[in-house]
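The block underneath contains the structure these notes are about, expressed in structure tokens.
This is how it looks when you write it as structure tokens:
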């Protein structure tokens, strides 16, 4: 493996027109503006520099040193200057390493670190897109609940008008009018709450995609995910999750990086070989120290004993490897548990949704029946009020659970590791 890169396979950004926002446009905006993605992209770039660092082990070195020396007194012997009053020295040293056993494992270490950060970048992108998707469906859900709240207000006003007409005709008591007005006031209050929830959901989505929180817009219904086979079991997706999850891939790459780091530490004890060139300038020149004089040498080094520092480093790195392997095993268990839990949540919602639809149908029929009966005095206003409250609750719950189901489907794809695959491509070179 020579390297890897994370590409966003998104195509051109879809424009937002006339105050409308599609899910695709929201996801595109998040990819462009989310700070966490940019931070992790920089982490991947930082890790990639470790590959270049490995090559610097064999890069030539050039150093220049200078020295000025002034003894207390000039020393003469037989009229000759032995120690001059002032001495200037400068040395240019060039070194070219020829052999260092750390180069290849250090390069593999850099590649493994780059791979780990790139997998982590892919997971962060995936998580960001899932967060935006959740906020998008929350806007849809609160928008639908607001519509239901307005429908309930309209129904309560019809009941107020009907109760007032019957009271004016002497067919009903004043309490029936008051009860209808109480239902209307409650419905208006619920509508205000729904309006606030809808505005808050819009603000959350706007902030998540880099818009001003006060910016208003409408959202479009995206294509729904197909229902998963209710006869399947969570274990059918365990292997897919263990294979596809980017965070697992990142941890596996970190384990390889730990192994290469241990190899680098071990090879620090291997001998090294380099060429050295020294060019010296001295003023004043002497018999033993000539000016403008150079030497070249081949230097081999082998450190027999470093005081035990490398042994400690090896032990520490070995323990870090064990830690990483244990973290991987723990994460694999957690992934399987997440798959099982999200699968159960998804199947429960799929099953409950059919019951909720039936409940809404029955609540609508019950309300219509009691409302008609109340017109001819066969049902009380309390019966109508109770039926209307039940209808409003059933409709609201159905709207909420319908969008919860869509989010649950995509959460399951996220847990399995297949979410937003059209937006993320990780290439290994």
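Numbering (the working numbering), first residue to last: 3 to 431.
We put the beta carbon where it would ideally sit given N, CA and C, even for glycine.
Being a predicted model, the structure only gives us computed values, none of them experimental.
The stretch 276-286 makes contact with the stretch 94-102, as at least three CB pairs between them are under 8 Å. Here the stretch 313-320 does not lie against the stretch 107-124, with fewer than 3 beta-carbon pairs under 8 Å apart. Contact between residue 99 and residue 59 holds, since their C-beta atoms are separated by about 7 Å, short of 8 Å. Boundaries for residue 239: no beta strand (DSSP E) harbours it, and the DSSP string shows neither H nor E there. Residue 25 places its beta carbon less than 9 Å from that of residue 221. Within the DSSP secondary-structure output, residue 67 pairs in a beta bridge with 93. According to the DSSP secondary-structure assignment, residue 282 is paired through a beta bridge with 93 and 295.
Fewer than three beta-carbon pairs drawn from the stretch 36-47 and the stretch 144-163 are found closer than 8 Å, and the two stretches are therefore not classed as touching.
With a cutoff of 9 Å on beta-carbon distance, residue 182 and residue 158 are scored as near each other. A residue is called buried once 16 or more other Cβ atoms fall within 10 Å of its Cβ, and residue 130 is buried on that count. For residue 275, the secondary structure class from DSSP, reduced to helix, strand or coil, is strand.
Membership of residue 77 in the beta strand (DSSP E) is indicated by the continuous run 77-79. DSSP, reduced to helix, strand and coil, places residue 230 outside both helices and strands of the structure shown, so it counts as coil. Between residue 46 and residue 207 a beta carbon distance of about 27 Å is seen, past the 8 Å cut, so the two are scored as non-contacting. Excluding five sequence positions before and after residue 132, the CB atoms of its chain that fall closer than 8 Å to its own CB belong to 412, 413, 416, 421 and 422, given in chain order.
DSSP places residue 312 in the uninterrupted alpha helix (DSSP H) bounded by 311-377. Between the alpha carbons of residue 164 and residue 178 lies a distance of about 10 Å. Taking the C-beta atoms as reference points, residue 338 is found nearer than 9 Å to residue 244. Residue state for residue 169 is assigned as helix, using DSSP reduced to three classes. Across the structure, residue 324 and residue 248 are spaced so that their CA atoms are roughly 21 Å apart.
The closest CA to that of residue 287, considering only 73, 90, 61 and 49, is found on 90.
Going by DSSP, residue 265 is part of the alpha helix (DSSP H) stretching over 248-269.
Contact between the stretch 255-264 and the stretch 370-380 is not established, with fewer than three Cβ pairs separated by less than 8 Å.
With a 10 Å radius around the Cβ and a threshold of 16 neighbouring Cβ atoms, residue 348 comes out buried. Within the DSSP secondary-structure output, residue 99 pairs in a beta bridge with 276. Burial check for residue 314: the Cβ neighbour count within 10 Å stays below 16, so the residue is exposed. For residue 33, the enclosing alpha helix (DSSP H) stretches over residues 25-35. Taking 9 Å as the cut-off, the beta carbon of residue 305 is found no closer than this to the beta carbon of residue 104. Per DSSP, residue 218 lies in no alpha helix (DSSP H) segment and is marked neither H nor E. In the structure shown, the three-state DSSP call for residue 58 is helix. Residue 418 counts as buried, since at least 16 other C-beta atoms from the protein chains shown sit within 10 angstroms of its C-beta. Residue 202: member of the alpha helix (DSSP H) spanning 176-210, first to last residue.
Here DSSP, grouped into helix, strand and coil, assigns residue 87 to coil. If you draw a 10 Å sphere on the C-beta of residue 238, you find fewer than 16 other C-beta atoms in it, and that means exposed. When DSSP states are grouped into helix, strand and coil, residue 300 belongs to the strand group.
Counting along the chain, residue 388 sits inside the alpha helix (DSSP H) bounded by residues 383-418.
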